[in-house]
Every structure is written in structure tokens, then in C-alpha cells.
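See below for the structure under consideration.
Number of protein chains: 2
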Amino acid sequence: MVRWEPDSRGRLAQAAMELYGERGFDQTTVADIAQRAGLTERTFFRHFSDKREVLFSGAHALQELLVNAVVNAPDSAAPLEAVSLSLEAAGNLFNARRDFSVQRQRIIEGSAELQERELIKLSSLAAALANALRQRGVADPTAGLTGEVAIALFKISFERWVSSSEPSDLAEVLRDSLEQLRVVTATT
Amino acid sequence: MVRWEPDSRGRLAQAAMELYGERGFDQTTVADIAQRAGLTERTFFRHFSDKREVLFSGAHALQELLVNAVVNAPDSAAPLEAVSLSLEAAGNLFNARRDFSVQRQRIIEGSAELQERELIKLSSLAAALANALRQRGVADPTAGLTGEVAIALFKISFERWVSSSEPSDLAEVLRDSLEQLRVVTATT
DNA sequence: ATAGTGATGACAGTAACTGACATGAAAGAA
DNA sequence: TTCTTTCATGTCAGTTACTGTCATCACTAT
């Protein structure tokens, strides 16, 4: 006889996504989530450090992907080229989960608290990219600046990709945004 | 006979800054702040929408300064030039309050919650800059991208300026960071 | 059998916020 | 003056996110 149903964490995550989607993040209490998952509030906080973190559990994997791509970029690649390759790799990952990404983004856009969490995760990604560049021998302030610019590119491209009516290729949008950046920064 | 001492808001802000500096943000309760200001918790929340907002009341003025500078930039200025002028104007404002800025930044660095709030304020600035550029006839995605890049420049430069041992000129650091950006994005 | 182990429940406590109502000096109208 | 209205503050009860602590009990290894 099983004492508890399996995959508490997964059930909590699913219940949370459903409720955030149905009523919005602010109108959902942790007690609601736990109840739908057949668990208690206390157990929710054993699996997620806070109410927002449910939506950001993938951040760690994304960071690893980005950092690895930068570290493994060819030696010949300039800093901005290295992070661009990295972003494209991430782009392909998102392409496979567009529906989920759109749903998640809609939820985040509905809550200032969630936007704040999203921004600090992106900021952490920028710092990780900068570190990866330093491993490649890129000096500061170039490393830090390139990390921040990469995240700026990602933000803009992701917005365009998510809000475009007909499904497009995120990697392609990223390449286009990079092209725009080069135009904007070109000295005339 | 005066019923209340004057400038409740100012007293609350000062008490909060003192306590955040003495014990850190997390170790300070709103009750502590209200008590030091000779007021009640409820009154704190009448003046500040939350515990973090005390540190960000200047954001509105900064946004106005930046937006005005972009709108009033010469017609001949390219998008990136317009926001650069804008950032330099902000830089001069910060130069005059370096000690305060350093103290405030130390407090923010000590709390993830405060970093999140800082990031969403910067994000709001990026959006405001993008809007100002659209008023100048700059089309998307250039406007949005330039706004984000401007904030990236500001973040990197501000960090360098705050952490440099001998006081430097923020506007100068900003110009240097822009130069770095041009190098990084230049096609080889 | 016996002794852990580890995920969960139960429960009390803190602190950030919110809503509703009361108070009384100050400012203006009569 | 006297009456009325305004408005910043106090008071208090309530909600909710989160934490610390201890109990429970199927499962596992010895």
C-alpha cells in the first residue's frame, strides 16, 4: 500500500500552472495549489522556495546550456559571436516548446512580482555568460558588457517571437535582432 | 499645538535608510522603521506602497530626465546618440550624489528582493526610452532594442563607477562603455 | 525483527500588507 | 465666534506568504 501518490513536485507544478492560468498569479494562494495537488501548503514550500519559483525551475538548465555553448564555441569566435551561438542554441530549445512558452509568458505578464523574478533570472544569466567569456580570456569590461547585451538581445527577440501571430523561428529572430544591433551601433 | 511632527514621509524614509544600512534590509521590519520615525506601521504603508519602495522614490524623476533628454536631442542625432546624451545627463546628476549612491547600492546588493525591484525599475526605464525614441520616429524593433542597450550600458557603467576606488565621472565611464560596445559589435 | 530514513502532515509563529472605522487639529464657511 | 468639513494619523482585525519544530509511518537496509 502506497502511503503517498508519486511525483508530488510534478503535481504541485501542474496545479500551480493551471491555477495561475485560470485565475492569475495574484488570485491564487499556495493553499489553493496544495489542495488541488492533494498536499499541504508546507509541502509546497519544501519543493519550491517560494510561490513564484514554480515558473522558473527551468532556469538552471537554460543557464547550463548557455554557458556550455559559450565555453565550447570555437576559439576563433569573437565574444559577441560566442554568445550569439549560445543564444541560437537556446532558441532551438524554445522552438520545441512554443505553446508552453506563450502560456508561461502570458502568466508572467499578468503579475509584476513574476516580472521581477524573471528579470533577476535574466540578470543571473547575463552574469553567467560574462563569467563564461572570462573563461575564454575575455577581459572586463568587455565580458560584462557582452553578457548584458546578449540578454538584451534575448529579451527583445523573445518578446517578438512570443507575440508574433504566425509561429516563427526564435533562432532566426535572434539573428535578425543581432543584425539590428549592429546597425544601431555602427558609427556613421 | 501641533498634532503631529511635520514631514512624516521624510522621517520614514530617513529611518528606513538608517536601519537598512545598520542591520540590512531583511533584518529590518516595517514596525522598526515606523517606531524610529515616531509613527505607526499603517502610516508607513500610506506613504510607501511597500517596504522596498523607500529606496526607489527617485526613479520617477530619473525617468523624466532621461525621457526629456531623448525627446529634446537634436533631430540629427541617431537613436543610440540620443540615448547616450540622455545617459550623460543622468550621469551628471549621479555625480553630485556619489556618496548617497554608493550607500544605496551597498544596501541593494545585500538583498535579492531589492535587486529585483531595481531591475524592474531599470526595465521600466528601458521601455520609457523606447517610447521616447518612437516619438522621434524610430521604428521597432530598433526603438526597443536601443532602449534595452541603453540600460545595459547604464548598468555596466554604474557598477564600474560605484565600485571604483577613486571617485570618477560617471558620464565619462558611460562614454567609455559606449566605446567598448562599438568595439564589441563591430563586424570584423 | 529492528532500527533507521525520508517524505509528508500538523501546528504555531512572524511579518508584509489591506480594509474599515475612529479621532482630533486645522482650515474654511456661516 | 461657532459650525462643518477635511485629512493625516491611529487602532484593530484579517489575509497570506513563508519558517521552525515535532510527529507519523510506509519503506529499506541490516
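The listed protein sequences correspond, in order, to chains C and U. Using our numbering, you'd call the opening residue of the first sequence number 207 and step up by one each time. Using our numbering, you'd call the opening residue of the second sequence number 207 and step up by one each time. Each residue gets a CB set at the ideal place from its N, CA and C atoms; glycine is no exception.
When the Cα of residue i is compared with those of the options, which residue comes out closest?
i                      : options                    : result
residue 227 of chain U : U/361, U/374, U/317        : U/317
residue 314 of chain C : C/385, C/218, C/248, C/257 : C/257
residue 305 of chain U : U/372, U/235, U/285        : U/372
residue 365 of chain C : C/308, C/285, C/323        : C/308
residue 252 of chain C : C/345, C/219, C/320        : C/219
residue 389 of chain C : U/359, U/381, U/374, U/349 : U/349
residue 384 of chain U : U/368, U/370, U/352, U/374 : U/352
residue 386 of chain U : C/236, C/381, C/274, C/354 : C/354
residue 347 of chain U : C/343, C/362, C/263        : C/362
residue 223 of chain C : C/323, C/311, C/330, C/381 : C/311
residue 382 of chain U : U/324, U/294, U/344        : U/294
I need the straight-line Cα distance from residue i to residue j, nearest angstrom please.
i                      : j                      : result
residue 332 of chain U : residue 250 of chain C : 35 Å
residue 243 of chain C : residue 217 of chain C : 5 Å
residue 397 of chain C : residue 259 of chain C : Chain C is shown from 207 up to 394; residue 397 of chain C falls before or after that span and cannot be answered.
residue 234 of chain C : residue 225 of chain C : 6 Å
residue 367 of chain C : residue 326 of chain U : 21 Å
residue 370 of chain C : residue 376 of chain C : 11 Å
residue 379 of chain U : residue 358 of chain U : 13 Å
residue 283 of chain U : residue 360 of chain U : 19 Å
residue 337 of chain U : residue 275 of chain U : 13 Å
residue 374 of chain U : residue 279 of chain U : 25 Å
residue 237 of chain U : residue 254 of chain C : 28 Å
residue 302 of chain C : residue 281 of chain C : 29 Å
residue 345 of chain U : residue 212 of chain C : 52 Å
residue 330 of chain U : residue 343 of chain U : 20 Å
Can you find a C-beta in chain U that's less than 8 Å from the C-beta of residue i?
i                      : result
residue 393 of chain C : yes
residue 334 of chain C : no
residue 347 of chain C : yes
residue 217 of chain C : no
residue 265 of chain C : no
residue 321 of chain C : yes
Can you check whether the CB of residue j is closer than 8 Å to the CB of residue i?
i                      : j                      : result
residue 296 of chain U : residue 328 of chain U : no
residue 269 of chain U : residue 356 of chain U : no
residue 292 of chain C : residue 245 of chain C : no
residue 286 of chain C : residue 391 of chain U : yes
residue 221 of chain C : residue 239 of chain C : yes
residue 289 of chain C : residue 341 of chain C : no
residue 320 of chain C : residue 231 of chain C : yes
residue 262 of chain U : residue 209 of chain U : no
Using a Cβ cut-off of 8 Å (strictly closer), state whether residue i contacts chain C.
i                      : result
residue 280 of chain U : no
residue 225 of chain U : no
residue 325 of chain U : yes
residue 269 of chain U : no
residue 314 of chain U : no
residue 329 of chain U : yes
residue 374 of chain U : no
residue 341 of chain U : no
residue 350 of chain U : yes
residue 239 of chain U : no
Please confirm whether any heavy atom of the ligand SAM lies closer than 7 Å to the CB of residue i.
i                      : result
residue 384 of chain C : Inclusion of the ligand SAM in the displayed structure is not the case, the ligand content being empty and no account of it being possible.
Give the DSSP-derived three-state secondary structure of residue i in the structure shown.
i                      : result
residue 257 of chain U : coil
residue 207 of chain C : coil
residue 392 of chain C : coil
residue 245 of chain C : coil
residue 303 of chain C : coil
residue 285 of chain C : helix
residue 278 of chain C : coil
residue 264 of chain U : coil
residue 309 of chain C : helix
residue 213 of chain U : coil
residue 348 of chain U : helix
residue 233 of chain C : coil
residue 370 of chain C : coil
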